[in-house]
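Trainee:
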Amino acid sequence: MTEAPQKSPLASPEPWDLVCDAYVAELWEMFSAFAQKALDLAALETHSEVLDVAAGPGPLALDAARRARRVVAVDFSAGMLEELTRRARAATLDNVETLQADGQALPLPDASFDAAFSMFGVIFFPDRARGFRELLRVLRPGGRAVVSSWRPFENVPELRLPFRVLVEKMPELPFGRTKAPLGEPEEIVAEMQQAGFTAIEVHPVSHVAVAPSPEAFWASMERSTVHFLLLKRRIGEERWKELSEAILARVVQELGPGEVHVEYKALLGTGLRP
């Protein structure tokens, strides 16, 4: 008998609640840029009804609300949805609804949306197949789903560097031993086909983020990376401080002075409900 795969700690809401403020402060610009590209692929109309699964603090949902008639933003993190609601009110967007729910079991009726999105969300689901089937189920015939995934970070040396240092200091850590979920185009095609989508396309996209210095780059990454937050809670403040200082020293050494340019690479997969 084979053992069931371990559930990822990222598949529970608590770490996302904890990292919400840092996500908004450090990553909003990047996620908003990817969201705009996803929305452009969906070609929304003013009467469209839109679902955003794993909506986070709302970079896609809020932009969609400016293009469509109605947006339902789903997330299992109460903290993320509170931030989304606050931002919707500040922008006087009254066509955004929030729903705290599991994207693998959406409490929504069949065939109720013209477009459905999951931006860097379904990749963390314990059962991605269920997540894809749920996106298909709630779409109207002819409706389009758009999902996003990260390309392997091994191809982004700046992002790989802190993880590399951590593994040197703590070889038991699993960083670098697992594949990026849906990190290759053919994986997105296969899983969307299996769920029942047609006319599937995969589009590589990227966004360049610029930090003014190596120190600023590491400070931002330390604050906004869920893996680091969870490790810090596990090993304690003192041990984490030692590791953080070691990472910073290596970042400064290898990246040198001046601005740090990081190209975040992703994939956008689209498909239609027949």
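If you use the working numbering, the sequence shown corresponds to residues 50 to 323, in order.
Backbone N, C-alpha and C define an ideal beta-carbon position, used for all residues, glycine too.
Are there any heavy atoms of the ligand ZN lying less than 7 Å away from the beta-carbon of Phe202, as far as the coordinates show?
Mentor: The model depicted lacks the ligand ZN and carries no ligand whatsoever.
Trainee: My understanding is that Arg272 touches Pro190, with C-beta atoms under 8 Å, so please give their C-beta distance in whole angstroms.
Mentor: So it is not a contact: roughly 44 Å between Cβ atoms.
Trainee: Could you check what DSSP says for Arg179 in three-state terms: helix, strand or coil?
Mentor: Arg179 falls in the helix class under three-state DSSP.
Trainee: With DSSP collapsed to three states, give me the class of Leu100.
Mentor: strand
Trainee: Ignoring anything shorter than 3 residues, give me the beta strand (DSSP E) runs that lie fully in the region 117-200, in order along the chain.
Mentor: 119-124, 145-149, 162-168 and 188-199
Trainee: For Ala229 and Thr134, what's the separation of their Cα atoms in angstroms?
Mentor: 31 Å
Trainee: Please look up how many angstroms separate the CB atoms of Gly192 and Val171, rounded, as I've assumed it's under 8 Å.
Mentor: Actually they are not in contact, since the Cβ atoms of Gly192 and Val171 sit about 16 Å apart, beyond 8 Å.
Trainee: Spatial neighbours of Ala84 within its chain, please: C-beta separation below 7 Å, excluding the five flanking residues on both sides.
Mentor: Pro108, Leu109, Asp112 and Met168
Trainee: Alpha carbon to alpha carbon, how far is Ala239 from Phe166?
Mentor: Ala239 and Phe166 have their alpha carbons spaced roughly 18 Å apart.
Trainee: What separation, rounded to the nearest whole angstrom, lies between the Cα atoms of Thr227 and Phe202?
Mentor: 11 Å
Trainee: Pick helix, strand or coil for Pro253, following the three-state DSSP scheme.
Mentor: strand
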